[in-house]
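**Student:** In the numbering used here, the protein residues as written are 1 to 379.
Built from N, CA and C at the ideal position, the CB exists for glycine as well.
Quick caveat: nothing in here was measured; it's all calculated off a predicted structure.
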Amino acid sequence: MRVWLIGVLAVALYAMPLHIESNEAWVWNAAVQYKKGKTDSAVFAKLAQIKPGTIADLSQIQKAESSLLRLGYFSKNGEAKLYRIANRNRIVPVFDLTDATANFAEASFTYNAENGDFNGLVMVQLMNIAGTARDFSFGGENAKNYRSAEIFYKEPFIFDLSGSLKLHGEFLEYDSTRQRNADIKYFQKLGWEWQYSVGGGYKNDKLFSSLSLGFDSRDKIPLAFKGLFTEIFAEFSKFAAMGLSGEYYQPFFENWTMLLAAKGFGMLPAKNYAKEDLFFVGGRNDFIGLQPRSIRTRAYGLSEVDFQWHGLKNSALHVFGQNGIYRNNPPFRGWERVLAYGLGWEQGISNAGIAIYYTLMQGISPMDGLLNMSVKIGF
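#1: Threshold first: 3 residues or longer. Then list the beta strand (DSSP E) segments lying entirely within the stretch 125-193, N to C.
#2: Compute the beta-carbon to beta-carbon distance between lysine 226 and proline 251, rounded to the nearest angstrom, for a pair I have assumed lies under 8 Å.
#3: Got a sec? Which residues, its chain only, sit under 7 Å from leucine 268 by beta carbon, not counting five neighbours each side?
#4: Quick check on DSSP: helix, strand or coil for leucine 5?
#5: Report yes or no: do the stretch 121-141 and the stretch 91-104 share at least 3 C-beta pairs separated by less than 8 Å?
#6: Taking Cβ positions only, does isoleucine 158 come closer than 8 Å to chain D?
#7: In whole angstroms, what is the alpha-carbon distance linking tyrosine 146 and tyrosine 174?
#8: What residue does the alpha helix (DSSP H) around arginine 298 start on, and which one ends it?
#9: If you check the beta carbons only, do phenylalanine 320 and glycine 344 fall under 8 Å apart?
#10: Quick one: grab the DSSP three-state call for serine 59.
#11: Please state if the CB of glycine 289 and the CB of leucine 370 are separated by a distance shorter than 8 Å.
#12: Taking the straight line between their C-alpha atoms, what separation do you get for threonine 297 and glutamine 195?
#13: Checking 8 Å against the spacing of the C-beta atoms, do serine 212 and isoleucine 232 come in under that value?
#14: Taking the beta carbon of arginine 2 as the centre, do at least 16 other beta carbons fall within 10 Å, making it buried, or is it exposed?
#15: Secondary structure at glutamate 21, three-state DSSP: helix, strand or coil?
#16: Can you check which of these residues, Ile55, Ala31, Glu170 and Lys376, is closest to valine 94 by C-alpha distance?
#17: Would you identify the three-state DSSP class for arginine 293, choosing helix, strand or coil?
#18: Classify proline 222: buried if its beta carbon has 16 or more other beta carbons within 10 angstroms, exposed otherwise.
#19: Under 8 Å Cβ to Cβ from lysine 63, same chain only, skipping five residues before and after it: list those, please.
#20: Just list the beta strand (DSSP E) runs in the stretch 319-350, keeping only unbroken ones of 3 residues or longer that don't cross its boundaries, in chain order.
#21: Compute the beta-carbon to beta-carbon distance between glycine 214 and glycine 243, rounded to the nearest angstrom, for a pair I have assumed lies under 8 Å.
#22: To which residues of the same chain is tyrosine 34 closer than 6 Å at the C-beta, ignoring the five residues directly before and after it?
#23: In whole angstroms, give me the CA-to-CA distance for leucine 207 and alanine 262.
#24: With DSSP run on the structure shown, which of helix, strand or coil describes phenylalanine 252?
#25: Quick check for students: name the residue ranges of the beta strand (DSSP E) that lie wholly in the stretch 222-276, counting only runs of 3 or more.
#26: From Phe74, Ser164, Lys81 and Phe280, pick the residue whose C-alpha is nearest to that of leucine 58; which is it?
#27: Between glutamate 114 and the rest of its own chain, which residues show a CB-CB distance below 7 Å, the 5 nearest in sequence each way excluded?
#28: Alpha carbon to alpha carbon, what distance is there between leucine 360 and leucine 339?
#29: Who are the Cβ neighbours of serine 108 in its own chain at under 6 Å, not counting the five residues just before and after it?
#30: In terms of alpha-carbon separation, which member of Gly78, Glu79 and Arg90 lies closest to glycine 53?
#31: Look up serine 365 in the DSSP assignment and say whether it is helix, strand or coil.
#32: From the DSSP output, in three-state form, read off serine 217 for me.
#33: Can you tell me whether lysine 313 is buried or exposed, with buried defined as 16 or more other CB within 10 angstroms of its CB?
#34: In its own chain, which residues sit with a C-beta less than 7 Å from the C-beta of glycine 72, not counting the 5 before and 5 after it?
#35: Please look up how many angstroms separate the CB atoms of alanine 352 and glycine 378, rounded, as I've assumed it's under 8 Å.
#36: Have a look at aspartate 205 and phenylalanine 280 and give me their C-alpha separation to the nearest angstrom.
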């Protein structure tokens with residue numbers, strides 16, 4: 001048996017309430033799970049980021065637990081506990097987390113009733129493979145004017161560091177044009193909420209480098225109830241593409257949560273770019289009222305408010321509105337405005353989930369909206 005397991009068993013009789021004075025106790029051993037799941041003990045300790053030999057700080061327990069839940073590998077079973085050897089003034093943090101369903105197959109379908117266009121997407125996601133914190137996903141889209149295929153892989157704790165290496169590849173075909181893009185990024189956590197990345201790759205027949213800095217304090221994934229997420233991103237090749245996005249969740253009445261979101265991206269210097277270099281926007285990730293990837297633009301911005309009702313178990317009712325602008329098609333002599341609003345429903349059922357959204361654009365008939373349906377099955 002490992003030393004930490006012997007220690008936990010030995011001090012079980014000394015379980016104490018979650019209260020200590022500042023500088024009173026030291027972390028004796030790395031964090032562990034109350035009932036060990038598939039995740040390797042050493043991997044779990046690295047994910048929790050609580051270092052042995054440091055002064056105990058109770059604020060770290062909540063931050064570490066929230067960070068672990070945001071990974072999507074675990075679900076919360078009970079409150080975290082501290083086990084202590086009283087005569088040695090040392091503690092062991094123990095998290096009551098169980099394995100969550102981390103493998104999913106997802107299919108979604110978007111239909112525009114106004115013009116009859118559709119978009120289909122299939123995605124398979126494998127997370128925390130064999131309890132190693134490795135992630136892998138692949139999938140593809142098909143629409144009237146384009147097709148795409150995408151693959152993603154994450155290797156954690158590269159070179160025995162606390163950071164992760166992420167590889168991404170994409171094939172895209174649209175308007176008789178084909179693209180093959182590949183990039184690699186190194187992600188490093190700065191505590192439990194901050195994270196930065198550096199990377200580069202090959203995109204649109206050009207080499208590029210990238211930087212990002214993000215902050216995430218959301219309390220639960222995928223359905224967040226409170227917290228803030230924001231990220232600054234920049235990409236450099238023959239030009240610079242950069243932007244800022246953010247989401248803020250605030251509970252305001254019983255089972256209601258308000259989401260305020262904003263996003264803005266642009267390319268510098270301002271000029272006419274090749275079509276393949278532009279942002280490919282539209283769909284759930286940005287302009288929810290437009291067909292996925294239906295717009296090519298060099299600059300866009302949007303704001304959104306979404307009232308969410310969580311009155312039923314594992315569900316969310318969305319009432320949302322979105323106001324946005326984007327530079328129109330080349331030669332970019334003006335801006336186009338997008339005003340969209342609608343309803344959405346998400347429902348988790350055991351290891352599966354369904355989502356239905358119906359979005360209307362300003363000035364169109366209520367029967368000519370955009371319908372988005374998706375099914376997600378865990379295995």
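**Tutor:** Let me spell this out:
#1: 135-143, 146-156, 164-174 and 177-190
#2: 6 Å
#3: Phe239 and Ala240
#4: Its pLDDT being 37, under 50, leucine 5 is placed unreliably in this model, and the value from its coordinates should be taken loosely. Reduced to three states, the DSSP call for leucine 5 is helix.
#5: yes
#6: Looking at the structure shown, chain D is missing, and only one protein chain is on hand.
#7: 4 Å
#8: Arginine 298 -> no alpha helix (DSSP H), and no H or E assigned at all.
#9: yes
#10: helix
#11: yes
#12: 28 Å
#13: yes
#14: Residue placement at arginine 2 cannot be trusted, given a pLDDT of 38 that sits under 50; what the coordinates show is reported in the next sentence. Exposed.
#15: Residue placement at glutamate 21 cannot be trusted, given a pLDDT of 45 that sits under 50; what the coordinates show is reported in the next sentence. DSSP places glutamate 21 in coil when its eight states are reduced to three.
#16: Ala31
#17: coil
#18: exposed
#19: Gly191, Trp192 and Glu193
#20: 335-349
#21: Incorrect: roughly 12 Å between the Cβ atoms, too far for contact.
#22: Val94 and Asp96
#23: 29 Å
#24: strand
#25: 227-236, 240-253 and 256-268
#26: Lys81
#27: Ile364 and Asp368
#28: 9 Å
#29: Leu121 and Ser374
#30: Arg90
#31: coil
#32: coil
#33: exposed
#34: Ala100, Ala102, Met127 and Ile221
#35: 6 Å
#36: 17 Å
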